[in-house]
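Going by the working numbering, the letters in the sequence shown line up with residues 65 to 208, in that order. Glycine included, each C-beta is placed from N, C-alpha and C at the ideal position. Scroll down for the structure; my scribbles are underneath it.
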Amino acid sequence: MMSQLCASDVLAYDYCGYGFSEGEPSEENCIQCIDAAYAYLLQHFAPNRIVLFGRSIGTGPTVDLAVRHPEIRGVILQSPIESCGRAVFGNLASWVGYRMDLFRNYEKVDKVECPVLVMHGTDDDIVPIESGMAIQEARLRVTG
């Protein structure tokens with residue numbers, strides 16, 4: 065449906081260990097999955113025609129890829145997490161367990177060079193809107 069609404073081609077996939085995909089869920093495996101998806105897209109499209117979309121925990125690999133590939137056209141983040149640790153335990157706990165904290169978007173999102181759209185609903189029961197606001201504020205510090 066998204067492809068029809070946007071008049072675009074859309075590639076959707078699951079990370080290892082999520083949805084119907086096999087394997088163990090981990091930050092490293094998620095990064096490998098998004099890298100494989102991006103490599104596939106590059107066989108069919110120029111990077112400046114690719115817009116990434118990530119939702120919730122999927123914003124972690126999405127931001128990571130965008131940082132490593134500034135040639136990407138744009139990024140859309142829906143209900144972005146600041147990090148897994150902050151999403152579950154709050155800022156203090158993520159600081160105490162920093163080495164175990166995954167998908168630290170709060171450290172990376174300001175390094176994304178392409179345009180970024182952040183979307184977050186006020187009634188989100190999973191990821192607090194404050195997380196989306198923090199990601200947007202980090203972007204505004206860069207873009208003004």
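Distance cutoff 8 angstroms, beta carbons only. Does G83 sit that close to anything in chain B? Chain labels in this structure do not include chain B; a single protein chain is all it has.
Can you give the Cα-Cα distance for G83 and L204, rounded to whole angstroms? 33 angstroms
Counting only the same chain and skipping the five closest in sequence on each side, list residues whose C-beta sits under 6 angstroms from that of C94. Y79, P125
Closest to I140 by C-alpha separation, out of P134, D128, V115, E146, would be which residue? V115
If you drop the 5 nearest sequence neighbours on each side, which residues of the same chain put their C-beta closer than 6 angstroms to that of Q142? R119, M183
Let me confirm a value: C148 is counted as buried when at least 16 other C-beta atoms fall within 10 Å, else exposed. Which label applies? buried
Identity of the residues DSSP links to M183 by a beta bridge: Under the DSSP definition of a beta bridge, M183 partners with Q142.
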